[in-house]
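Residue numbers (the working numbering): 824 to 987. Don't be surprised by glycine CBs; every beta carbon is placed ideally from N, CA and C.
And the structure:
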């Protein structure tokens, strides 16, 4: 009878181990079985995380804008959401020229922010900001520094775009 007890214990342990091994369908840790018509595979249970243990940082792509002005003719050219400062400035100059400007010059260009343009009696000013209203307030404030009343006539935002 004493010989049966060790054999019974070994059989009991073996069946318990067998249950543990098959509880995840034979898949490695962090994966679960998936099966279909004639196939079986292991798939991850959670999104993959970098070896540092943190999720991957987002990747952002800058966006630029510019405002060009022909002061003599009162023409304004703009560009939004361009990939580089050079592209934004070139496109703003082209826009100003296409609207009838002949002496267009860049007044402001900025990336990943908002810009605004304000005018008053013989006065033009611009500013940038994190929001349209902040840019407008800044442009009006800059314009009114010489004691004239000004109003915002243009504002827009070119914010970075998440690419990953």
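Where residue i sits in the DSSP three-state scheme
i, result
"residue 885", "coil"
"residue 839", "Its pLDDT being 44, under 50, residue 839 is placed unreliably by the model, and nothing is read from it."
"residue 910", "helix"
"residue 878", "coil"
"residue 961", "helix"
"residue 968", "helix"
"residue 985", "strand"
"residue 945", "coil"
"residue 919", "helix"
"residue 830", "Here residue 830 scores only 49 on pLDDT, less than 50, and its place in the model is too uncertain to base an answer on."
"residue 845", "Confidence in residue 845 is poor, its pLDDT being 43 and thus under 50, which makes the residue's placement unreliable; the coordinate value appears in the next sentence. Residue 845: helix per DSSP, three-state reduction."
Selected residue, minimal CA-CA separation from residue i, among the options
i, options, result
"residue 985", "958, 901, 906 and 964", "906"
"residue 980", "972, 987, 955 and 959", "955"
"residue 899", "987, 976, 983 and 982", "976"
"residue 935", "916, 951, 960 and 963", "951"
"residue 982", "974, 938, 942 and 965", "938"
"residue 914", "908, 922, 902 and 921", "902"
"residue 953", "946, 961 and 877", "961"
"residue 889", "880, 882 and 904", "904"
"residue 908", "931, 887 and 891", "887"
Range covered by the beta strand (DSSP E) that runs through residue i
i, result
"residue 1004", "With the chain represented from 824 up to 987, any question about residue 1004 goes unanswered, as that position is not in the structure."
Residue i CB to nearest heavy atom of the ligand MG below 7 Å
i, result
"residue 914", "Absence of the ligand MG from the depicted structure is noted, as is the absence of any ligand whatsoever, leaving it without description."
Beta-bridge pairing of residue i - partner residues as DSSP gives them
i, result
"residue 929", "891"
"residue 951", "938"
"residue 973", "943"
"residue 850", "Answer is none; residue 850 lacks a bridge partner."
"residue 956", "Residue 956 is not bridged to any residue."
Any 3 or more C-beta pairs closer than 8 Å across the stretch 926-933 and the stretch 885-900: Verdict: yes, contact present.
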